[in-house]
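Just so you know, the protein sequences line up as chains A and B, in that order.
Note that UniProt numbering has the first sequence beginning at 1, numbered continuously upward.
Note that UniProt numbering has the second sequence beginning at 1, numbered continuously upward.
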Amino acid sequence: MGRKLLLEHINVPGINTLEVYRQKGGYAAVEKALKTLTPDEVVEEVKKSGLRGRGGAGFPTGMKWSFLAKPEGVPRYLVCNADESEPGTFKDRYLMTYIPHLLIEGMIVASYALGANTSYIYVRGEMMPQIRILERAIAEAKNAGLLGKNILGTGYDLELYVQPGGGAYICGEETALLESLEGKRGNPRIKPPFPAIAGLYGCPTVVNNVESIAAVVPIINEGGDEYAKIGIGRSTGTKLISASGNLNKPGVYEIELGVPVEEFIYSDEYCGGIANGKRLKAVVAGGSSVPILPANLILKTINNEARLMSYESLSDGGFATGSMMGSGGFIAFDEDQCIVRNTWNFSRFYHHESCGQCSPCREGTGWMEKVLHRLEYGHGKMSDMDLLVDVSKKIEGNTICPLGDAAAWPVASAIRHFRDEFEWHVTNAAEATTRNYGLAHYADPLPKVEKAEA
Amino acid sequence: MKVTIDGITVDVEPGTSILNAARQIGGDIVPPAMCYYSKLEGSGGKCRTCLVKVSKGSEKDPRPMPKLVASCRTTVMDGMEVQNITSPEVIEARKGVVEMLLINHPLDCPVCDQAGECHLQDLGYEHGAAKTRYEFDRRTFEKIDIGDKIQLHMTRCILCYRCVFTADQITNTRLHGILNRGDHSEISTYIQKAVDNDFSGNVIDVCPVGALTDKTFRFKNRVWFTKPVEAHRDCDKCCGKVTLWYKGEDVIRVTGRKDVYGEVEEFICNTCRFEKKKTADWTIEGPRKVSHKSVISANHYETMKPLPVVKTNPLLQEANKEQFERETRL
Chain A
1 MGRKLLLEHI NVPGINTLEV YRQKGGYAAV EKALKTLTPD EVVEEVKKSG
51 LRGRGGAGFP TGMKWSFLAK PEGVPRYLVC NADESEPGTF KDRYLMTYIP
101 HLLIEGMIVA SYALGANTSY IYVRGEMMPQ IRILERAIAE AKNAGLLGKN
151 ILGTGYDLEL YVQPGGGAYI CGEETALLES LEGKRGNPRI KPPFPAIAGL
201 YGCPTVVNNV ESIAAVVPII NEGGDEYAKI GIGRSTGTKL ISASGNLNKP
251 GVYEIELGVP VEEFIYSDEY CGGIANGKRL KAVVAGGSSV PILPANLILK
301 TINNEARLMS YESLSDGGFA TGSMMGSGGF IAFDEDQCIV RNTWNFSRFY
351 HHESCGQCSP CREGTGWMEK VLHRLEYGHG KMSDMDLLVD VSKKIEGNTI
401 CPLGDAAAWP VASAIRHFRD EFEWHVTNAA EATTRNYGLA HYADPLPKVE
451 KAEA
Chain B
1 MKVTIDGITV DVEPGTSILN AARQIGGDIV PPAMCYYSKL EGSGGKCRTC
51 LVKVSKGSEK DPRPMPKLVA SCRTTVMDGM EVQNITSPEV IEARKGVVEM
101 LLINHPLDCP VCDQAGECHL QDLGYEHGAA KTRYEFDRRT FEKIDIGDKI
151 QLHMTRCILC YRCVFTADQI TNTRLHGILN RGDHSEISTY IQKAVDNDFS
201 GNVIDVCPVG ALTDKTFRFK NRVWFTKPVE AHRDCDKCCG KVTLWYKGED
251 VIRVTGRKDV YGEVEEFICN TCRFEKKKTA DWTIEGPRKV SHKSVISANH
301 YETMKPLPVV KTNPLLQEAN KEQFERETRL
């Protein structure tokens, strides 16, 4: 049984209320941080913990905090990125729905560490119930003197606001989020300057994911060194994984980083195996934008080692045979699923969500979607696969923000690993509209490693 | 600050962008720019045609930048080394960007007023592939009138945002912007409002393609049949320095004066642009110099270059002796 740090009390009735949350030891981190630690010591603890950003990129949170510019007389802001809209990821919504005070506690501690007196939680527009839950929780905390002027008599002031977004995926990109928060069209900004120098209203700003901010609470309670003992290597602590797809028990699980993928899928503690007794065909390990892997490569790395749920192990093998931790949206596909259709579906999403600011992403996502649509409905050509790979290469790395990469990777990886399924859609076009390609060889044991020369 | 672009070193002021440093050197190493416009604050970074490779970040931090960067929005560092046309990666990426810009462009150059002075045409000609790989319907829009003098044909638009920045710069209220998202986004005015401003006509000049056109000039003539002349008048609103485009004895169009990168030197007002179309309104300064690379100079004899066909025919060579001599002298 892995340790639970964030979801320990998730099943306690009424944990969404301040009263029950405090009975269970809530807001101890606020008391500890504000009364006994200086802001720099809090940053130091987070650095020691090795916490890495939970939003997708995995950038060390403590490092991000220490980059924040601190000019005199200019306010600093902390913005919580709750614009969770990646297909397959729903951990932040779960956290905000059931245990909103954890996020608010984390926001207070993090704001204190950064010296911010105004902080925002930018929530995706579709999550109206969560916005109400958060606003209610903020009101409760304010009544208890945990927010507002002179928190717990320490002289630290903090105002916390919840801002609903308009429901655009692109507003999860930090600079687009800041633009949207300022009331403008949510187009990503051109970097540099980075938000740590000039972010919200031109002031130094830190943007963190919901889970990263919530994870600050156990770090302060237990100390950064204790937190760093959990996990494996540079992937420290626990991570929320939103498991979905053809699993017996889909849902949000808190894992200690370093759990083998095989155990995560098949053990009863977690997903409990593939639903309906089917076999696993493919997995998208970290939300729709990370490369998809066939069953054999997700369970074992190319060197025939067991693949673990950690930042390093999931990306083992690079883009050729690896994937990424991403935001932890774990989607499993059984043998009845069609990879072409799934790739088309992802591609359609990115086409719809591209902001249209820079040309490769604006035009390229639509192009890829149309080609994939053609393939799925039996009008494809053999040359389409090379075309898709080429278009994805032309998008990747040439755009303002990472949405271009996110749109290119799933397509490129699907063709890399499932090329014969794509080709089957061309050669057996009529058949492809009535049945799926099936499991084929995608779960076969990996071939013996040929030691790379040199 | 010293910066090296394709092996050529130049001294520039701190804060200069790579693109402007390249423009100080000039020649083939200047990256093309479809969205950057030096007179418009905040423009650039969107079209991605000016991507370059930074092979050495600076003297202090010599690491190369991990991705290609937009040269119009990246400021130079001391000792920076940049590769533009010497990097195959950049050439390949630029070809990709040109292809992307063209997949939804109608390619209706034969009926487009911008043809002949269109940046996208030049860009496609210089950096694009001869054939398209796009086999689907292109996106289309209805034409919209923005005021009585300007027409917007979104189908041709490449969403460079230049006109948006222009409208922002000339007006205090935001009337003009982008609607929708992704490849169905469109330039529009606030609920079909006209951009009612004395300088609104400048959106025509900044448009790199034929999306915003002058309704007083639409379908009047091909630009290469007109003769550009520099002229000025005393205007109480603007500088009054313009280019007149003559067809025979008539002024059929008035535009701002554009430099070699297609950017106007100064914005002109709508009175000058749309209403003063008589020779008597203007003081003529002289014929405008047009680069011999431009199709506009095709019928203009000031360049005096013998046509290629002349070089192969001895009879024509004899007849054009004077021209040949002038060229060798130059």
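C-beta: ideal position from N, C-alpha, C; glycine also.
Predicted model only: the values in this text are computed from it and were never measured.
Item, Value
"So, does the stretch 46–64 of chain A touch the stretch 216–228 of chain A, judging by three or more C-beta pairs under 8 Å?", "yes"
"Does any residue of chain A have a CB that is nearer than 8 Å to the CB of residue 134 of chain B?", "yes"
"May I have the straight-line CA-CA distance separating residue 269 of chain B from residue 255 of chain B, to the nearest angstrom?", "10 Å"
"Along chain A, which residues have their Cβ under 8 Å away from the Cβ of residue 67 of chain B?", "397 and 398"
"Nearest to residue 186 of chain A by alpha carbon, out of A/106, A/276, A/124 and A/145?", "A/124"
"Would you verify that the beta carbon of residue 387 of chain A is, or is not, closer than 8 Å to some beta carbon of chain B?", "yes"
"I believe residue 378 of chain A touches residue 430 of chain A by the beta-carbon criterion, under 8 Å. Please report the beta-carbon distance rounded to the nearest angstrom.", "6 Å"
"Starting from the C-beta of residue 503 of chain A, find all residues in its chain whose C-beta is less than 7 Å away, skip the five residues before and the five after it, and write them out in chain order.", "A question about residue 503 of chain A goes unanswered here, because the residues of chain A that appear run from 1 up to 454."
"Using CA coordinates, which residue listed in B/214, B/50, B/225 and B/46 is at the minimum distance from residue 149 of chain B?", "B/214"
"For a contact meaning CB atoms closer than 7 Å, what does residue 51 of chain B contact in chain A?", "398"
"Please name the residues in the stretch 341–356 of chain A whose beta-carbon is closer than 8 Å to at least one beta-carbon of chain B, in chain order.", "351, 352, 353, 354, 355 and 356"
"What do you get for residue 322 of chain B, buried or exposed, if any count of 16 or more other CB atoms within 10 angstroms of its CB means buried?", "exposed"
"Going by DSSP, what residue range makes up the beta strand (DSSP E) through residue 242 of chain A?", "238–245"
"With a threshold of 8 Å, are at least 3 pairs of Cβ atoms found where one atom belongs to the stretch 366–376 of chain A and the other to the stretch 434–441 of chain A?", "no"
"Report the three-state DSSP secondary structure of residue 90 of chain A (helix, strand or coil).", "coil"
"Hey, is the stretch 191–210 of chain B in contact with the stretch 392–409 of chain A, meaning 3+ C-beta pairs nearer than 8 Å?", "no"
"Going by beta-carbon coordinates alone, are residue 212 of chain A and residue 158 of chain A separated by less than 8 Å?", "no"
"In this structure, does DSSP put residue 282 of chain A in helix, strand or coil?", "strand"
"Check distances from the C-beta atoms of the stretch 184–218 of chain A to those of chain B and list, in chain order, the residues that come in under 7 Å.", "185 and 190"
"Of all the CB atoms in chain A, is at least one closer than 8 Å to the CB of residue 204 of chain B?", "no"
"Starting from residue 80 of chain A and walking both ways along the beta strand (DSSP E), at which residues does that stretch end?", "77–82"
"With a threshold of 16 other CB atoms inside 10 Å of the CB of residue 103 of chain A, please say whether the residue is buried or exposed.", "buried"
"Give the single residue among A/359, A/376, A/357 and A/5 whose Cα lies nearest to the Cα of residue 29 of chain A.", "A/5"
"Which full runs of the beta strand (DSSP E) of 3+ residues lie inside the stretch 279–365 of chain A, going along the chain?", "280–284, 292–294 and 329–334"
"Return the chain-ordered list of same chain residues with a C-beta closer than 7 Å to the C-beta of residue 20 of chain A, the five sequence neighbours on each side being excluded.", "12 and 14"
"Please return the same chain residues whose Cβ sits closer than 7 Å to the Cβ of residue 284 of chain B, not counting the five positions on each side in sequence.", "229 and 231"
"Going straight from the alpha carbon of residue 212 of chain B to that of residue 250 of chain B, what length do you get?", "23 Å"
"Does the beta carbon of residue 370 of chain A come closer than 8 Å to any beta carbon on chain B?", "yes"
"Are the C-beta atoms of residue 46 of chain B and some chain A residue less than 8 Å apart?", "yes"
"When you compare each of A/334, A/325 and A/44 to residue 295 of chain A by their alpha carbons, which one comes out closest?", "A/334"
"In terms of residues, what are the limits of the alpha helix (DSSP H) holding residue 424 of chain A?", "403–427"
"Going by other Cβ atoms of all chains shown within 10 Å of its Cβ, with 16 needed for buried, is residue 143 of chain A buried or exposed?", "exposed"
"Are the Cβ atoms of residue 365 of chain A and residue 407 of chain A separated by less than 8 Å?", "yes"
"Can you check which of these residues, B/224, B/221, B/273 and B/220, is closest to residue 241 of chain B by C-alpha distance?", "B/273"
"For residue 418 of chain A, which residues from the same chain have a beta carbon less than 6 Å from its beta carbon, with the 5 sequence-adjacent residues on both sides left out?", "339"
"When you compare each of B/97, B/64 and B/266 to residue 199 of chain B by their alpha carbons, which one comes out closest?", "B/266"
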